[in-house]
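The opening position of the sequence shown corresponds to residue 20 in the numbering used here, with each subsequent residue numbered one higher.
Data first, discussion second: the structure below is written as C-alpha coordinates.
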Amino acid sequence: MAETAVVSRAEEPATQDIIQEATTNPVAVLTDEAKFDQFYQRMKEETDGLQADVSTKRGRDAIAAMAYKVSQTKTAIDKAGLALTEGWRKQTSTVNAARKKITTKLDELRDQVRAPLNAWEETEKKRVATCEATIARLARDGVVQLADTSEQIRARIAAVTATEIDEAVYQEFAEQALAVREATLANLEIAVGRLEKEEADRAELQRLREAEAQRLAAEAERAREEERRAAEQRRQEEIERERQATAQRAEEQRQRDIEEASRRERERIEQEARDREAAAERERQAERDRVERERAAERAESEARIAKAEREAQAEREAAAAREQARRDEEQRIAAEQRQAAEEQAARERDIAHRSAVNGEAQAAIVSLGVKDQVAHNIVLAIAAGTVPHVRIAY
20 MAETAVVSRA EEPATQDIIQ EATTNPVAVL TDEAKFDQFY QRMKEETDGL QADVSTKRGR
80 DAIAAMAYKV SQTKTAIDKA GLALTEGWRK QTSTVNAARK KITTKLDELR DQVRAPLNAW
140 EETEKKRVAT CEATIARLAR DGVVQLADTS EQIRARIAAV TATEIDEAVY QEFAEQALAV
200 REATLANLEI AVGRLEKEEA DRAELQRLRE AEAQRLAAEA ERAREEERRA AEQRRQEEIE
260 RERQATAQRA EEQRQRDIEE ASRRERERIE QEARDREAAA ERERQAERDR VERERAAERA
320 ESEARIAKAE REAQAEREAA AAREQARRDE EQRIAAEQRQ AAEEQAARER DIAHRSAVNG
380 EAQAAIVSLG VKDQVAHNIV LAIAAGTVPH VRIAY
(Lines of atoms letter the chains of each structure in order from A and count residues from 1; the text may use other names and numbers.)
(Lines give C-alpha, C1' and ligand atoms only; values in the text may rest on other atoms or scores of the structure.)
Protein backbone atom coordinates (compact mmCIF):
# COMPACT_ATOMS: atom_id res chain seq x y z
CA MET A 1 0.00 0.00 0.00
CA ALA A 2 2.89 2.38 0.79
CA GLU A 3 4.48 1.75 -2.64
CA THR A 4 1.22 2.54 -4.39
CA ALA A 5 0.89 5.78 -2.45
CA VAL A 6 4.40 6.89 -3.57
CA VAL A 7 3.58 6.25 -7.21
CA SER A 8 0.32 8.23 -6.84
CA ARG A 9 2.08 11.26 -5.40
CA ALA A 10 4.76 11.12 -8.07
CA GLU A 11 2.34 10.97 -10.99
CA GLU A 12 0.02 13.74 -9.66
CA PRO A 13 -2.93 12.95 -12.01
CA ALA A 14 -5.33 15.74 -12.95
CA THR A 15 -8.22 16.28 -10.57
CA GLN A 16 -10.77 15.17 -13.11
CA ASP A 17 -8.71 11.99 -13.71
CA ILE A 18 -8.82 11.11 -9.99
CA ILE A 19 -12.67 11.03 -10.07
CA GLN A 20 -12.58 8.87 -13.20
CA GLU A 21 -10.00 6.59 -11.57
CA ALA A 22 -12.08 6.27 -8.39
CA THR A 23 -15.14 5.44 -10.50
CA THR A 24 -13.39 2.79 -12.61
CA ASN A 25 -11.08 1.49 -9.89
CA PRO A 26 -12.60 2.21 -6.44
CA VAL A 27 -9.88 0.10 -4.77
CA ALA A 28 -7.37 2.87 -5.51
CA VAL A 29 -8.95 5.27 -3.00
CA LEU A 30 -9.35 2.46 -0.48
CA THR A 31 -5.66 1.63 -0.40
CA ASP A 32 -4.12 5.07 -0.91
CA GLU A 33 -5.24 7.69 1.60
CA ALA A 34 -3.64 10.52 -0.42
CA LYS A 35 -5.68 9.52 -3.46
CA PHE A 36 -8.84 9.42 -1.36
CA ASP A 37 -8.10 12.88 0.06
CA GLN A 38 -7.50 14.15 -3.48
CA PHE A 39 -10.67 12.40 -4.69
CA TYR A 40 -12.75 13.72 -1.76
CA GLN A 41 -11.44 17.26 -2.27
CA ARG A 42 -12.49 17.14 -5.94
CA MET A 43 -15.95 15.78 -5.04
CA LYS A 44 -16.38 18.52 -2.43
CA GLU A 45 -15.37 21.17 -4.95
CA GLU A 46 -18.11 19.88 -7.27
CA THR A 47 -20.74 19.90 -4.52
CA ASP A 48 -19.65 23.30 -3.19
CA GLY A 49 -19.73 24.69 -6.71
CA LEU A 50 -23.32 23.55 -7.28
CA GLN A 51 -25.52 26.63 -7.63
CA ALA A 52 -29.12 25.39 -7.53
CA ASP A 53 -32.38 27.18 -6.69
CA VAL A 54 -34.64 24.93 -4.59
CA SER A 55 -37.65 27.03 -5.59
CA THR A 56 -37.45 25.54 -9.13
CA LYS A 57 -37.84 21.93 -10.19
CA ARG A 58 -34.65 22.11 -12.23
CA GLY A 59 -32.68 23.28 -9.19
CA ARG A 60 -34.18 20.58 -6.96
CA ASP A 61 -33.42 17.90 -9.56
CA ALA A 62 -29.81 19.13 -9.78
CA ILE A 63 -29.37 18.85 -5.99
CA ALA A 64 -30.94 15.38 -5.93
CA ALA A 65 -28.71 14.26 -8.84
CA MET A 66 -25.55 15.49 -7.11
CA ALA A 67 -26.52 13.79 -3.82
CA TYR A 68 -27.30 10.60 -5.76
CA LYS A 69 -23.91 10.76 -7.49
CA VAL A 70 -22.11 11.06 -4.14
CA SER A 71 -24.18 8.19 -2.69
CA GLN A 72 -23.54 5.95 -5.73
CA THR A 73 -19.80 6.66 -5.62
CA LYS A 74 -19.74 5.79 -1.93
CA THR A 75 -21.63 2.55 -2.63
CA ALA A 76 -19.21 1.61 -5.45
CA ILE A 77 -16.15 2.19 -3.24
CA ASP A 78 -17.72 0.31 -0.34
CA LYS A 79 -18.64 -2.65 -2.56
CA ALA A 80 -15.09 -2.68 -3.96
CA GLY A 81 -13.77 -2.97 -0.43
CA LEU A 82 -16.02 -5.98 0.16
CA ALA A 83 -14.93 -7.59 -3.12
CA LEU A 84 -11.13 -7.51 -2.59
CA THR A 85 -9.19 -10.67 -3.44
CA GLU A 86 -7.83 -12.99 -0.80
CA GLY A 87 -4.49 -11.22 -0.93
CA TRP A 88 -6.00 -7.83 -0.22
CA ARG A 89 -8.27 -9.23 2.46
CA LYS A 90 -5.18 -9.92 4.53
CA GLN A 91 -5.15 -6.17 5.04
CA THR A 92 -8.63 -6.33 6.59
CA SER A 93 -8.08 -3.75 9.27
CA THR A 94 -6.56 -1.26 6.83
CA VAL A 95 -9.31 -1.71 4.26
CA ASN A 96 -12.12 -1.63 6.85
CA ALA A 97 -10.75 1.55 8.37
CA ALA A 98 -10.53 3.12 4.91
CA ARG A 99 -14.06 1.96 4.08
CA LYS A 100 -15.43 3.42 7.30
CA LYS A 101 -13.68 6.75 6.76
CA ILE A 102 -14.73 6.97 3.10
CA THR A 103 -18.33 5.94 3.86
CA THR A 104 -18.63 8.46 6.69
CA LYS A 105 -17.16 11.38 4.74
CA LEU A 106 -19.17 10.67 1.59
CA ASP A 107 -22.36 10.27 3.65
CA GLU A 108 -21.65 13.64 5.23
CA LEU A 109 -20.97 15.14 1.80
CA ARG A 110 -24.20 13.65 0.41
CA ASP A 111 -26.20 14.99 3.38
CA GLN A 112 -24.55 18.38 2.96
CA VAL A 113 -25.55 18.48 -0.72
CA ARG A 114 -29.17 17.42 0.05
CA ALA A 115 -29.61 19.78 3.01
CA PRO A 116 -31.19 22.66 0.98
CA LEU A 117 -33.44 20.17 -0.83
CA ASN A 118 -34.45 18.52 2.46
CA ALA A 119 -35.27 21.93 3.93
CA TRP A 120 -37.31 22.84 0.84
CA GLU A 121 -39.15 19.49 0.92
CA GLU A 122 -40.03 20.00 4.61
CA THR A 123 -41.28 23.53 3.88
CA GLU A 124 -43.23 22.21 0.89
CA LYS A 125 -44.79 19.48 3.04
CA LYS A 126 -45.97 22.10 5.55
CA ARG A 127 -47.32 24.30 2.73
CA VAL A 128 -49.30 21.40 1.23
CA ALA A 129 -50.66 20.44 4.67
CA THR A 130 -51.69 24.05 5.33
CA CYS A 131 -53.41 24.33 1.93
CA GLU A 132 -55.27 21.03 2.39
CA ALA A 133 -56.32 22.00 5.94
CA THR A 134 -57.63 25.37 4.72
CA ILE A 135 -59.59 23.74 1.88
CA ALA A 136 -61.06 21.18 4.32
CA ARG A 137 -62.04 23.97 6.72
CA LEU A 138 -63.68 25.95 3.92
CA ALA A 139 -65.64 22.84 2.90
CA ARG A 140 -66.72 22.24 6.53
CA ASP A 141 -67.82 25.86 6.87
CA GLY A 142 -70.18 25.33 3.92
CA VAL A 143 -72.12 22.60 5.76
CA VAL A 144 -75.25 24.08 7.38
CA GLN A 145 -76.64 22.30 10.46
CA LEU A 146 -80.26 22.37 11.61
CA ALA A 147 -79.26 24.17 14.82
CA ASP A 148 -77.37 26.97 12.98
CA THR A 149 -78.76 30.51 13.24
CA SER A 150 -78.51 33.31 10.68
CA GLU A 151 -76.10 35.14 13.02
CA GLN A 152 -73.79 32.11 13.10
CA ILE A 153 -73.97 31.76 9.30
CA ARG A 154 -73.17 35.49 8.92
CA ALA A 155 -70.09 35.01 11.12
CA ARG A 156 -68.97 32.05 8.99
CA ILE A 157 -69.50 34.07 5.80
CA ALA A 158 -67.24 36.78 7.24
CA ALA A 159 -64.61 34.19 8.21
CA VAL A 160 -64.71 32.48 4.79
CA THR A 161 -64.61 35.83 2.98
CA ALA A 162 -61.60 36.85 5.07
CA THR A 163 -59.73 33.67 4.10
CA GLU A 164 -57.06 34.84 1.64
CA ILE A 165 -56.12 32.50 -1.21
CA ASP A 166 -52.63 33.62 -2.29
CA GLU A 167 -51.78 31.90 -5.59
CA ALA A 168 -48.07 32.20 -4.79
CA VAL A 169 -48.65 30.08 -1.66
CA TYR A 170 -51.46 27.78 -2.83
CA GLN A 171 -49.97 27.15 -6.30
CA GLU A 172 -51.52 23.88 -7.55
CA PHE A 173 -54.23 24.14 -4.83
CA ALA A 174 -55.24 27.71 -5.76
CA GLU A 175 -57.97 26.76 -8.24
CA GLN A 176 -59.48 24.15 -5.90
CA ALA A 177 -59.31 26.49 -2.88
CA LEU A 178 -60.99 29.32 -4.80
CA ALA A 179 -63.71 26.97 -6.08
CA VAL A 180 -64.40 25.55 -2.58
CA ARG A 181 -64.49 29.05 -1.09
CA GLU A 182 -66.93 30.29 -3.74
CA ALA A 183 -69.15 27.20 -3.36
CA THR A 184 -69.12 27.60 0.43
CA LEU A 185 -70.02 31.29 0.20
CA ALA A 186 -72.84 30.55 -2.28
CA ASN A 187 -74.26 27.82 -0.02
CA LEU A 188 -73.97 30.02 3.08
CA GLU A 189 -75.68 32.96 1.33
CA ILE A 190 -78.60 30.71 0.36
CA ALA A 191 -78.77 29.33 3.91
CA VAL A 192 -78.63 32.74 5.59
CA GLY A 193 -81.46 34.01 3.38
CA ARG A 194 -83.59 31.01 4.26
CA LEU A 195 -82.77 31.24 7.99
CA GLU A 196 -83.46 34.97 8.18
CA LYS A 197 -86.87 34.43 6.55
CA GLU A 198 -87.68 31.59 8.95
CA GLU A 199 -86.58 33.67 11.94
CA ALA A 200 -88.68 36.62 10.73
CA ASP A 201 -91.68 34.31 10.28
CA ARG A 202 -91.22 32.94 13.80
CA ALA A 203 -90.95 36.47 15.20
CA GLU A 204 -94.13 37.51 13.39
CA LEU A 205 -95.95 34.42 14.65
CA GLN A 206 -94.81 35.18 18.19
CA ARG A 207 -96.00 38.78 17.82
CA LEU A 208 -99.42 37.59 16.64
CA ARG A 209 -99.63 35.12 19.51
CA GLU A 210 -98.76 37.82 22.04
CA ALA A 211 -101.32 40.20 20.49
CA GLU A 212 -103.97 37.47 20.68
CA ALA A 213 -103.03 36.73 24.28
CA GLN A 214 -103.33 40.43 25.15
CA ARG A 215 -106.70 40.61 23.43
CA LEU A 216 -107.96 37.56 25.30
CA ALA A 217 -106.63 38.96 28.57
CA ALA A 218 -108.47 42.24 27.92
CA GLU A 219 -111.67 40.36 27.16
CA ALA A 220 -111.25 38.31 30.32
CA GLU A 221 -110.73 41.49 32.34
CA ARG A 222 -113.88 43.00 30.82
CA ALA A 223 -115.78 39.84 31.69
CA ARG A 224 -114.51 40.00 35.27
CA GLU A 225 -115.51 43.66 35.52
CA GLU A 226 -119.00 42.85 34.26
CA GLU A 227 -119.22 40.05 36.79
CA ARG A 228 -118.15 42.42 39.58
CA ARG A 229 -120.85 44.92 38.54
CA ALA A 230 -123.44 42.14 38.39
CA ALA A 231 -122.37 40.93 41.84
CA GLU A 232 -122.66 44.46 43.22
CA GLN A 233 -126.12 44.77 41.72
CA ARG A 234 -127.12 41.47 43.27
CA ARG A 235 -125.76 42.64 46.62
CA GLN A 236 -127.78 45.86 46.45
CA GLU A 237 -130.85 43.90 45.48
CA GLU A 238 -130.24 41.60 48.43
CA ILE A 239 -129.93 44.59 50.74
CA GLU A 240 -133.18 45.95 49.38
CA ARG A 241 -134.85 42.60 49.80
CA GLU A 242 -133.53 42.44 53.35
CA ARG A 243 -134.86 45.91 54.07
CA GLN A 244 -138.20 44.97 52.67
CA ALA A 245 -138.11 41.72 54.61
CA THR A 246 -137.35 43.63 57.78
CA ALA A 247 -140.29 45.90 57.14
CA GLN A 248 -142.38 42.87 56.36
CA ARG A 249 -141.27 41.19 59.54
CA ALA A 250 -142.21 44.33 61.48
CA GLU A 251 -145.58 44.26 59.84
CA GLU A 252 -145.92 40.60 60.56
CA GLN A 253 -144.94 41.25 64.15
CA ARG A 254 -147.72 43.78 64.33
CA GLN A 255 -150.07 41.24 62.80
CA ARG A 256 -148.83 38.58 65.21
CA ASP A 257 -149.96 40.78 68.04
CA ILE A 258 -153.41 40.67 66.52
CA GLU A 259 -153.49 37.08 65.35
CA GLU A 260 -150.83 35.40 67.42
CA ALA A 261 -152.09 31.86 67.23
CA SER A 262 -152.81 31.97 63.52
CA ARG A 263 -149.47 33.59 62.76
CA ARG A 264 -147.48 31.02 64.75
CA GLU A 265 -149.14 28.18 62.86
CA ARG A 266 -148.54 29.87 59.54
CA GLU A 267 -144.93 30.47 60.37
CA ARG A 268 -144.47 26.86 61.45
CA ILE A 269 -145.93 25.64 58.16
CA GLU A 270 -143.80 28.05 56.16
CA GLN A 271 -140.65 27.06 58.09
CA GLU A 272 -141.25 23.42 57.44
CA ALA A 273 -141.68 24.17 53.75
CA ARG A 274 -138.43 26.13 53.73
CA ASP A 275 -136.62 23.36 55.54
CA ARG A 276 -137.86 20.83 53.04
CA GLU A 277 -136.80 23.06 50.14
CA ALA A 278 -133.36 23.62 51.69
CA ALA A 279 -132.89 19.91 52.23
CA ALA A 280 -133.99 19.23 48.67
CA GLU A 281 -131.62 21.91 47.39
CA ARG A 282 -128.75 20.40 49.38
CA GLU A 283 -129.51 17.04 47.87
CA ARG A 284 -129.69 18.53 44.38
CA GLN A 285 -126.40 20.36 44.93
CA ALA A 286 -124.74 17.20 46.22
CA GLU A 287 -125.95 15.35 43.10
CA ARG A 288 -124.65 18.15 40.86
CA ASP A 289 -121.31 18.06 42.67
CA ARG A 290 -121.08 14.29 42.25
CA VAL A 291 -121.91 14.46 38.53
CA GLU A 292 -119.37 17.24 38.03
CA ARG A 293 -116.67 15.23 39.83
CA GLU A 294 -117.39 12.22 37.66
CA ARG A 295 -117.30 14.32 34.51
CA ALA A 296 -114.06 15.95 35.61
CA ALA A 297 -112.52 12.54 36.26
CA GLU A 298 -113.69 11.31 32.86
CA ARG A 299 -112.28 14.41 31.16
CA ALA A 300 -108.97 14.01 33.00
CA GLU A 301 -108.76 10.35 32.03
CA SER A 302 -109.64 11.15 28.41
CA GLU A 303 -107.08 13.93 28.27
CA ALA A 304 -104.45 11.62 29.78
CA ARG A 305 -105.20 8.97 27.14
CA ILE A 306 -105.01 11.56 24.36
CA ALA A 307 -101.76 13.01 25.75
CA LYS A 308 -100.25 9.54 26.03
CA ALA A 309 -101.31 8.70 22.48
CA GLU A 310 -99.84 11.98 21.26
CA ARG A 311 -96.56 11.30 23.09
CA GLU A 312 -96.37 7.79 21.69
CA ALA A 313 -97.19 9.04 18.19
CA GLN A 314 -94.60 11.78 18.53
CA ALA A 315 -92.02 9.28 19.80
CA GLU A 316 -92.77 6.99 16.86
CA ARG A 317 -92.50 9.88 14.42
CA GLU A 318 -89.21 10.96 15.94
CA ALA A 319 -87.87 7.40 15.89
CA ALA A 320 -88.95 6.99 12.26
CA ALA A 321 -87.32 10.31 11.37
CA ALA A 322 -84.12 9.26 13.15
CA ARG A 323 -84.03 5.95 11.30
CA GLU A 324 -84.66 7.69 8.01
CA GLN A 325 -81.98 10.27 8.75
CA ALA A 326 -79.44 7.56 9.65
CA ARG A 327 -80.11 5.86 6.32
CA ARG A 328 -79.17 8.90 4.29
CA ASP A 329 -75.50 9.13 3.25
CA GLU A 330 -73.30 12.18 3.46
CA GLU A 331 -73.70 13.13 -0.21
CA GLN A 332 -77.47 13.61 0.20
CA ARG A 333 -77.37 15.25 3.62
CA ILE A 334 -77.78 18.85 2.55
CA ALA A 335 -80.56 18.02 0.11
CA ALA A 336 -82.25 15.92 2.80
CA GLU A 337 -82.11 18.80 5.28
CA GLN A 338 -83.68 21.12 2.73
CA ARG A 339 -86.42 18.59 1.97
CA GLN A 340 -86.98 18.07 5.66
CA ALA A 341 -87.35 21.84 6.15
CA ALA A 342 -89.89 21.92 3.30
CA GLU A 343 -91.78 18.96 4.73
CA GLU A 344 -91.86 20.52 8.20
CA GLN A 345 -93.18 23.75 6.70
CA ALA A 346 -95.86 21.79 4.82
CA ALA A 347 -96.72 19.87 8.00
CA ARG A 348 -97.07 23.14 9.93
CA GLU A 349 -99.29 24.53 7.20
CA ARG A 350 -101.41 21.36 7.20
CA ASP A 351 -101.61 21.52 10.99
CA ILE A 352 -102.68 25.15 10.87
CA ALA A 353 -105.27 24.31 8.19
CA HIS A 354 -106.47 21.30 10.21
CA ARG A 355 -106.77 23.31 13.41
CA SER A 356 -108.58 26.07 11.53
CA ALA A 357 -111.00 23.50 10.09
CA VAL A 358 -111.58 21.90 13.51
CA ASN A 359 -112.10 25.33 15.11
CA GLY A 360 -114.54 26.20 12.32
CA GLU A 361 -116.50 23.00 12.90
CA ALA A 362 -116.60 23.67 16.65
CA GLN A 363 -117.73 27.27 16.04
CA ALA A 364 -120.47 26.08 13.67
CA ALA A 365 -121.69 23.57 16.25
CA ILE A 366 -121.88 26.28 18.94
CA VAL A 367 -123.68 28.65 16.56
CA SER A 368 -126.21 25.88 15.87
CA LEU A 369 -127.09 26.02 19.59
CA GLY A 370 -128.31 29.59 19.15
CA VAL A 371 -125.10 31.42 20.10
CA LYS A 372 -124.10 34.43 18.02
CA ASP A 373 -121.32 33.82 15.50
CA GLN A 374 -118.79 36.26 17.08
CA VAL A 375 -119.51 34.94 20.58
CA ALA A 376 -119.07 31.38 19.29
CA HIS A 377 -115.80 32.44 17.64
CA ASN A 378 -114.54 33.92 20.93
CA ILE A 379 -115.54 30.78 22.83
CA VAL A 380 -113.59 28.56 20.42
CA LEU A 381 -110.52 30.82 20.66
CA ALA A 382 -110.71 30.78 24.46
CA ILE A 383 -110.95 26.98 24.52
CA ALA A 384 -108.07 26.65 22.03
CA ALA A 385 -105.97 29.01 24.15
CA GLY A 386 -106.65 26.88 27.24
CA THR A 387 -108.35 29.65 29.24
CA VAL A 388 -111.57 27.66 29.72
CA PRO A 389 -110.92 25.12 32.49
CA HIS A 390 -111.75 21.46 31.98
CA VAL A 391 -112.49 21.97 28.25
CA ARG A 392 -110.19 21.42 25.26
CA ILE A 393 -110.45 20.82 21.49
CA ALA A 394 -109.16 17.47 20.24
CA TYR A 395 -107.23 18.10 17.03
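Glycine is no exception: its CB is placed at the ideal position from the N, C-alpha and C atoms.
These numbers come from a predicted model, not from an experiment.
Three-way DSSP call (helix, strand, coil) for residue i in this model
i      : result
Val410 : coil
Ala71  : coil
Val377 : helix
Ala166 : coil
Leu101 : helix
Ser387 : coil
Pro135 : helix
Gly78  : helix
Glu335 : helix
Glu278 : coil
Of the residues the options, the one placed nearest residue i, counting alpha carbons only
i      : options                        : result
Ala134 : Thr66, Ala95, Val386           : Thr66
Leu165 : Arg228, Gln359, Ile154         : Gln359
Lys12  : Trp139, Asp97, Gln274          : The question about residue 12 has no answer, for the chain in this structure spans 20 to 414.
Thr142 : Arg411, Val73, Asn378          : Val73
Val188 : Glu170, Ala148, Ala83          : Ala148
Ala395 : Gly379, Ala280, Tyr59          : Gly379
Gly212 : Arg243, Arg226, Glu223, Ile176 : Ile176
Leu136 : Ala249, Glu317, Thr75, Glu306  : Thr75
Glu140 : Ala152, Glu368, Gly78, Ile277  : Gly78
Leu214 : Ala384, Val179, Val407, Ser169 : Ser169
Glu231 : Gly405, Pro45, Phe55           : Gly405
Asp185 : Glu279, Cys150, Arg260         : Cys150
Val69  : Ala84, Phe55, Tyr59            : Per the sequence shown, residue 69 should be read as Leu rather than Val. Checking every option, the nearest Cα to that of Leu69 belongs to Ala84.
Gln190 : Lys216, Leu227, Arg146, Arg221 : Arg146
Glu363 : Leu388, Gln382, Glu337         : Glu337
Same chain, Cβ closer than 6 Å to residue i, neighbours up to 5 away in sequence not counted
i      : result
Ser390 : In the sequence on display, residue 390 carries Val and not Ser. Hits under 6 Å: none found.
Ala81  : Ala71
Leu410 : First, the residue type needs correcting, since residue 410 is Val and not Leu in the sequence shown. Same-chain partners within the cutoff: Ile402.
Asn397 : none
Pro45  : Ala95, Ile96, Ala99
Ala318 : One detail in the question is off: residue 318 reads as Arg in this sequence, not Ala. If we look at Arg318 and ignore the five residues flanking it on each side, its Cβ neighbours are His409.
Glu246 : none
Own chain, CB closer than 8 Å to residue i, minus 5 neighbours either side, in chain order
i      : result
Glu183 : none
Ala210 : Val163, Asp167, Ile172
Ile154 : Phe192, Gln195, Ala196, Val199
Ile353 : Val162, Val163, Asn206
Ala316 : none
Glu218 : Thr168, Ser169
Ala178 : Asp160
Leu235 : Leu400, Ala401, Ala404, Thr406
Arg342 : none
Other residues of its chain near residue i: CB distance less than 7 Å, five sequence neighbours each side excluded
i      : result
Ala413 : Ile325
Thr104 : Its pLDDT being 49, under 50, Thr104 is placed unreliably by the model, and the measurement read from it follows with that caveat. None.
Asp392 : Val386
Closer than 7 Å: residue i CB and nearest the ligand GTP heavy atom
i      : result
Gln164 : Questions concerning the ligand GTP fall outside what the structure shown contains, since it holds no ligand whatsoever.
Check whether the region 157 to 165 and the region 195 to 206 are in contact - that is, three or more C-beta pairs closer than 8 Å.
yes
Start-end ranges of the alpha helix (DSSP H) lying completely within the region 174 to 258, minimum 4 residues:
Uninterrupted alpha helix (DSSP H) stretches at least 4 residues long and entirely within the region 174 to 258 occur at 186 to 189, given in chain order.
Should the region 398 to 413 be regarded as contacting the region 230 to 241, the criterion being three or more beta carbon pairs within less than 8 Å?
yes
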